[in-house]
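Chemist: Sharing a structure here in C-alpha cells format.
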Amino acid sequence: MDMGSASGIRAMNLTHTGEMGWVLYIPNEAALHVYDKIMEHGRKYAIHHAGYLATRSLRVERFYAYWGQDIDASTTPLECGRGFRVKLNSDINFIGREALLKQKKEGVQRMYVQFQLDDHDPEIDPWPWGSEPIYRNGEFAGMVTTAGFGFTLNRQVCLGYVQNYDVTGTVHRLTPDYVTSGQYEVDIAGLRYNARVSLRSPTLPTKFRETYGDHYVATRHGGGA
C-alpha cells in the first residue's frame with residue numbers, strides 16, 4: 001500500500017494485544033513520514049500513543065505469548081498451548097512433524113500457563129516483571145517469563161512454565177490435570193503470593209465483537225489441527 005509519498009508498505013491485519021489491529025512494515029527511509037501522516041489523520045479519531053508496558057499488560061492478561069520472552073526456538077507448540085495450530089491430524093508433512101507426534105504420544109515436560117495473583121496489592125507489594133520462581137504445593141515448579149497488571153482482570157497476571165520435578169530434581173512428564181490440581185504461589189522479591197493457574201486464555205470483552213466474531217483463544221492446551 002501507499003501512504004503519502006511512501007510506497008511499498010506492507011499491512012498485516014493481526015493483533016498483539018487481543019483487539020483488532022494492523023501491523024505496518026515500512027521502508028526505513030519512509031518511517032518518520034508515515035508516522036507523521038498517521039498522527040495527522042488520526043487526530044479526528046482521538047489517536048494517542050500507547051507504550052510498551054501498556055501493550056504488554058493487554059497481551060499478558062489475554063495470555064498472548066511473545067517471541068523471545070515466553071517462547072523461543074526451543075519451545076514446541078504442544079508446550080506453549082498452540083497444538084491447535086499444527087496439522088498433526090492431516091497428511092501434510094513438515095519439518096518437526098515426527099518429533100511432535102512423539103511428544104504428543106509421550107507427553108510434555110513443561111506447560112505454558114497463566115497465573116492470576118489473588119492476594120497481591122499493587123499499591124503496596126512489589127510487582128513481578130519476569131524470572132520469578134513458581135511453587136506448586138510448596139515445591140519449586142518453574143519460572144515466570146512475563147508479568148503485568150491486568151486492567152480488565154484488576155490484578156497482577158503472570159505467564160510462565162510449570163514443570164514436574166521429583167525430589168532429585170529430575171523433570172517428569174506432566175498432564176493438564178496435574179497442572180490444574182496444584183496449589184500455586186509466585187515468589188516476588190522473597191514474598192510468596194497465592195496464584196490461580198489457567199491453561200486457557202480468559203474470555204474478556206473486546207471492542208469489536210460484532211466484527212471480530214467469537215473470542216479468539218490465543219493459548220489452549222490439548223490437541224492439534
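Per full-length UniProt numbering, the very first residue in the sequence shown carries number 1; after that it's consecutive.
Glycine included, C-beta positions come from ideal geometry on N, C-alpha and C.
These numbers were taken from a predicted model, which means no experiment stands behind them.
Which one or two residues does DSSP pair with Y35 in a beta bridge?
Modeler: Counting from one through the sequence shown, the residue named residue 35 turns up at place 35. DSSP lists no partner for Y35.
Chemist: Can you tell me whether G42 is helix, strand or coil according to DSSP?
Modeler: For the purposes of this step, residue 42 is taken as residue 42 along the sequence shown, with counting starting at 1. Helix, per DSSP.
Chemist: Would you mind sorting M1 into buried or exposed? The rule is 16 or more other CB atoms within 10 Å of its CB.
Modeler: Numbered from 1 along the sequence shown, position 1 holds the residue referred to as residue 1. M1 comes out exposed.
Chemist: Which runs of the beta strand (DSSP E) spanning at least 3 residues fall entirely within the segment 93-168, listed in chain order?
Modeler: The segment 93-168 contains these whole beta strand (DSSP E) runs: 110-117, 133-136, 139-150 and 155-165.
Chemist: Report yes or no: do three or more beta-carbon pairs, one from the segment 88-97 and one from the segment 192-207, lie closer than 8 Å?
Modeler: no
Chemist: If you measure between the beta carbons of A141 and V60, is that distance less than 8 Å?
Modeler: For the purposes of this step, residue 141 is taken as the residue at position 141 of the sequence shown. For the purposes of this step, residue 60 is taken as the residue at position 60 of the sequence shown. No.
Chemist: Given a cut-off of 8 Å, decide if Y52 and E79 are closer than it, judged by their beta-carbon atoms.
Modeler: On the sequence shown, position 79 is the one that residue 79 refers to. On the sequence shown, position 52 is the one that residue 52 refers to. Cβ distance not < 8 Å, so E79 and Y52 don't count as in contact.
Chemist: Would you decide whether D70 is buried or exposed? Buried here means 16 or more other CB atoms lie within 10 Å of its CB.
Modeler: If you number the sequence shown from 1, residue 70 lands on position 70. D70 should be labelled buried.
Chemist: When you compare only the Cα positions, how much space is there between residue 240 and R43?
Modeler: Beyond the ends of the chain as shown, which are 1 and 225, falls residue 240; an answer cannot be given.
Chemist: Would you kindly check if the distance between the Cβ of F63 and the Cβ of A218 is under 8 Å?
Modeler: Taking the first residue of the sequence shown as position 1, residue 218 is located at position 218. Taking the first residue of the sequence shown as position 1, residue 63 is located at position 63. Yes, the pair counts as a contact, with Cβ atoms nearer than the cut-off.
Chemist: Quick check: the Cα distance between F151 and D91, rounded to an integer number of angstroms?
Modeler: Counting from one through the sequence shown, the residue named residue 151 turns up at place 151. Counting from one through the sequence shown, the residue named residue 91 turns up at place 91. Cα-Cα distance, rounded: 43 Å.
Chemist: Rounded to whole angstroms, how far is the Cβ of L117 from the Cβ of V186, which I believe are closer than 8 Å?
Modeler: Locating residue 117 in the sequence shown gives position 117, where the first residue counts as 1. Locating residue 186 in the sequence shown gives position 186, where the first residue counts as 1. The Cβ separation is near 6 Å, so the contact holds.
Chemist: Quick one: residues in its chain with C-beta nearer than 8 Å to the C-beta of I9, no 5 flanking neighbours on either side, listed in chain order?
Modeler: Here residue 9 corresponds to residue number 9 of the sequence shown, with the count starting at 1. If we look at I9 and ignore the five residues flanking it on each side, its Cβ neighbours are M1, D2, M3, L24, Y25, I26, P27, A30 and V34.
Chemist: Just to confirm before moving on: does the CB-CB distance between T180 and L199 stay below 8 Å?
Modeler: Here residue 180 refers to the residue found at position 180 of the sequence shown. Here residue 199 refers to the residue found at position 199 of the sequence shown. Yes, the Cβ-Cβ distance between T180 and L199 is below 8 Å.
Chemist: Kindly indicate if chain C contains any beta-carbon less than 8 Å away from that of R155.
Modeler: Going by chain labels, chain C is absent from the structure shown, which holds only one protein chain.
Chemist: Looking only at C-alpha atoms, which of T76, E139 and L174 sits nearest to T168?
Modeler: Along the sequence shown, one-based indexing puts residue 168 at 168. When each option's Cα is compared against that of T168, the closest is E139.
Chemist: For L58, which of helix, strand or coil comes out of DSSP?
Modeler: Indexing the sequence shown from 1 puts residue 58 at position 58. Helix.
Chemist: Quick one: Cα of A50 to Cα of T175, how far?
Modeler: Residue numbering aside, residue 50 sits at position 50 when the sequence shown is read from its first letter. Residue numbering aside, residue 175 sits at position 175 when the sequence shown is read from its first letter. Near 38 Å, if we compare the C-alpha coordinates of T175 and A50.
Chemist: For Y165, which residues in the same chain have their Cβ closer than 8 Å to its Cβ, ignoring the five residues on either side in sequence?
Modeler: Counted from its first residue, the sequence shown places residue 165 at position 165. Excluding positions up to five away in sequence, the list reads E139, F140, A141, V171 and H172.
Chemist: Could you please give me the residues that DSSP links to R220 through a beta bridge?
Modeler: Here residue 220 corresponds to residue number 220 of the sequence shown, with the count starting at 1. The partner list for R220 (beta bridge, DSSP) reads R200.
Chemist: Report buried or exposed for R136, applying the criterion of at least 16 other Cβ atoms within 10 angstroms of its Cβ.
Modeler: In the sequence shown, the residue the question calls residue 136 occupies position 136. The residue in question, R136, is buried, as its Cβ has 16 or more Cβ neighbours within 10 Å.
Chemist: Excluding the five sequence neighbours on either side, which residues of its own chain have a C-beta within less than 8 Å of the C-beta of M143, listed in chain order?
Modeler: Indexing the sequence shown from 1 puts residue 143 at position 143. So the qualifying residues of the chain are S131, E132, P133, I134, G160 and Y161.
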